[in-house]
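Take a look at the structure below.
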Amino acid sequence: MVPPFSKRLITDIVPAIRWTISEYTFDLNAIEDDMASAETDISWVSVMDRLEIIDAPLSLVYHIVLHLCKVVDSPELREAKAEILEEVLVILGRRQQSLDIYKAIKTLQDGPQWSTLTAPQQGILNTALLEAKLGGVALPRADKDRFNAINICLSQLSDSYSKNLMDAIKSSSLLVHERCQLDGLPLSQLALLAQNAQEDGHAGATAANGPWKLSLDELTFTAVLEACSNAATREMLYRARQTKDGLYANESIMKEQQQLQQGRTRLINLGSIANKNITDTVQAQAREISRELHVKCIAKSSVELQELQAFAAAHGQLTPLESWDFHYWARQMRQDKFGIDDEALRAYFPLPTVLTRLFDFVSKVFGLRMERLDGFEQGWHPDVQLYQIRDLETTGEPLIAQLYLDLYSRPLDKQGGAWIDILVTRSTVLRSEKLQAPLPVFALSLNQPPQIAGDLPSLMTFAQVESLFYTVGLVVHSALAQSSLNTLAPLESIGWEAASLTGHLLQNFCYHRETIQTMSSHVETGECLPDKLFDKILAARTFMAASTFVINYHSLGSFRQCLYHTSGPAWDSTPDVAPVLLELGRHKRAWTFYHIFSKSHSSCLDCLLLSEKLAADAFATFQAVKSGNAWMTLGRKFRDTVIAQLGSPLSIVSSVEKFTGRTVSFQGLHKHCGLEST
């Protein structure tokens, strides 16, 4: 059970973790002694169930600490985490490198009990053995010591990377007094910047007259670079980010990470860590998709950039496009070409309405009902909401999970982006006659603009709507996967080509007319999104898609390629990519990818592309039928043929092919990337 966050005491963290480690050490000693004894009966219950019981306490406490560091950062919390980080890693390393435990699991795999296990149980054993090998279980003592030292250093560097980003945002801001410096920004954004100034001591700040406080957080940065027509202001804010000490420190961290990761890979001699979570067949398919898209998108991005430069020149840009010009002129060209007014579009997507209707959609299609607990006051912040998740497909509609929802941006103490954390995994083992099995608990974090005091609710851009759909899709996946064996529940346990599939599938529904119109409700009139406006959104879906791919996937992918596979440090030296796109990719990598070194994201680049491909195929199956009862049937089929098969020998590709009834193809993904004619 998750404790009431509102009553958390940071001073309790270190003693609680140390007490848990002490108990964990005792339990590990006991199970190792038993596994080494010839008299011990090796069975699923004596090995895997017992490991689940002894692993759970430290996992719960430590995951809560990690989550709090993301959402309520403070010097005291950082200090507590730093004090126990190495101690936690040492005991986890010992657990992963236990030969007695490894041999017991191997006995289950090789012995007669294997044929009696379910497919998910067999998947759990295979994953456990692979994780142990990748964790250094087979290394000689001297190499284990080196391997463990590298792991500790990597974790400390990753922690420093995240703290550098937070510190850069906290330590810098720009106070603007002249309205002309913010020309182009909509009134809603000016109101938010004025509110920021008020909170900083400028009590008389107003949206109309300022002053306005600009910070380096992603919401402010994106708004200025996309909408501000004053190039000097865009450049000033962009360079303010570039010159922060944290950025340079993170560049050094990335280089050191590269060297350490390569050293760790050489030690275990087990091929690419970056692809450890996927089978050889799936890995080959993922790489094929990645290579093809890279080649096509790099070629097309060159054409897109030339068109953008020509458009900018025709509208007064006298110099070549700089990094701080790209997003502004792309938005201007998109509006000119498709007639989309982003500010007018936001009015159709008030956050509370979209969220409620999205949860209704999930209930209809996947059979999961989200029930908000009114009066909940035990979150880590007053804005945090708690939802109960019920399975409508099971008799009695049982409660199967809980979801914390943290919607709004708090740049001074909360990481940017949108993500979910799994705080508690389901367990059928951790129960007794007096204690029910714990429910899985998730935390979904967004960074929506906060509601302006006494004004309209938070309004969403269409990109934010897509992000919400994707993240809720991860919740759907986790809730349904959690209803089976808990060891399969963590997203990283099954590979990101599977874990993100439901997210990408749900995201595709943003481009389904009936669905997105149902989600919309004009904040003043209640009118749903007009057909003409939806048609414009659909037409603009692939605008600058190749350039966006290069910025998001190629630049990060080339870095991860260097991080795990090569010895050269020059991850930005890609001669066939335009310098402005490389610079934007480098900037995005250094400022927004908090998870860049996360183990669970080690395989994410190629796998996410495979996931998008599979999701496009699955979505086409939904498009082929009318909504209503047919979608309900398909949603339940997706549950049974795809999500329910996670962890089984059946690959995710085979599962999707079983769902769609056809061989997967590139067509859907190429269409979404605007590459049909390339």
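Be aware that the sequence shown starts at 1, since it is given in the UniProt record's numbering, and climbs by one per residue.
No residue lacks a Cβ here, since even glycine has one placed at the ideal position from N, Cα and C.
Cut-off 7 Å between Cβ atoms - residues of its own chain near residue i, not counting five sequence neighbours on either side
i, result
"residue 352", "457"
"residue 179", "210"
"residue 480", "639 and 643"
"residue 132", "96 and 102"
"residue 181", "230 and 233"
"residue 622", "631 and 634"
"residue 214", "173, 174, 176, 193, 220, 224 and 237"
8 Å Cβ cutoff met for residue i and residue j
i, j, result
"residue 653", "residue 618", "no"
"residue 526", "residue 502", "no"
"residue 366", "residue 639", "yes"
"residue 407", "residue 383", "yes"
"residue 84", "residue 423", "no"
"residue 44", "residue 117", "yes"
"residue 324", "residue 225", "yes"
"residue 441", "residue 388", "no"
"residue 471", "residue 539", "no"
"residue 460", "residue 362", "no"
"residue 256", "residue 157", "yes"
"residue 98", "residue 192", "no"
"residue 348", "residue 202", "no"
"residue 260", "residue 146", "no"
"residue 613", "residue 641", "no"
"residue 62", "residue 10", "no"
"residue 87", "residue 42", "no"
"residue 533", "residue 516", "no"
Cβ shell of residue i (< 8 Å), same chain only, five flanking positions each side left out
i, result
"residue 72", "380, 381, 413 and 414"
"residue 103", "35"
"residue 375", "none"
"residue 14", "80, 83 and 84"
CB-CB length for residue i against residue j, believed under 8 Å
i, j, result
"residue 67", "residue 443", "6 Å"
"residue 47", "residue 89", "Not confirmed; about 24 Å, so no contact."
"residue 106", "residue 92", "Not a contact, Cβ separation roughly 20 Å."
"residue 100", "residue 32", "4 Å"
"residue 187", "residue 207", "6 Å"
"residue 165", "residue 237", "Actually they do not touch by this definition, with Cβ atoms about 16 Å apart."
"residue 346", "residue 340", "Rounded, the Cβ-Cβ distance is 11 Å, inconsistent with contact."
"residue 411", "residue 217", "3 Å"
"residue 476", "residue 405", "Not quite, the Cβ-Cβ distance comes to about 14 Å (not below 8 Å), so this is no contact."
"residue 400", "residue 373", "About 15 Å separates the two Cβ atoms, so there is no contact after all."
"residue 393", "residue 636", "7 Å"
Among the options, nearest to residue i - alpha-carbon criterion
i, options, result
"residue 316", "155, 230, 638 and 472", "230"
"residue 448", "375, 171, 535 and 409", "409"
"residue 519", "468, 8 and 541", "468"
"residue 54", "429, 253 and 78", "429"
"residue 552", "293, 641 and 660", "293"
"residue 242", "387, 182, 262 and 172", "172"
"residue 52", "95, 82, 16 and 515", "95"
"residue 377", "385, 16 and 371", "385"
"residue 611", "665, 626, 22 and 403", "665"
"residue 154", "264, 421, 305 and 268", "264"
"residue 163", "219, 253, 199 and 212", "253"
"residue 505", "40, 517 and 634", "634"
"residue 452", "332, 195 and 534", "195"
"residue 511", "463, 500 and 524", "463"
"residue 507", "420, 400, 615 and 397", "615"
"residue 651", "445, 119 and 57", "119"
"residue 57", "306, 30, 23 and 200", "23"
"residue 303", "544, 628, 660 and 40", "544"
"residue 478", "445, 421 and 212", "421"
"residue 240", "212, 169 and 660", "169"
"residue 513", "25, 660, 531 and 123", "531"
Beta-carbon contacts of residue i that lie in its chain and below 6 Å, excluding the five residues immediately before and after
i, result
"residue 271", "With a pLDDT of only 48 at residue 271, under the threshold of 50, the placement of this residue in the model should not be trusted, and no figure is reported."
"residue 486", "Bear in mind that a pLDDT of 48 at residue 486, under 50, signals an unreliable position, so the number given afterwards is only what the model happens to contain. Hits under 6 Å: 425, 426 and 427."
"residue 309", "321"
"residue 6", "378"
"residue 185", "227 and 228"
"residue 338", "536, 539 and 540"
"residue 249", "164"
Chain D contact for residue i (CB, 8 Å cutoff)
i, result
"residue 269", "Note that chain D does not occur in the displayed structure, where there is just one protein chain."
Closer than 7 Å: residue i CB and nearest the ligand GDP heavy atom
i, result
"residue 430", "Ligands in the displayed structure: none, and consequently the ligand GDP is not present."
Worksheet item: Are the region 72-84 and the region 131-147 in contact at 8 Å, needing three or more beta carbon pairs?
Response: no
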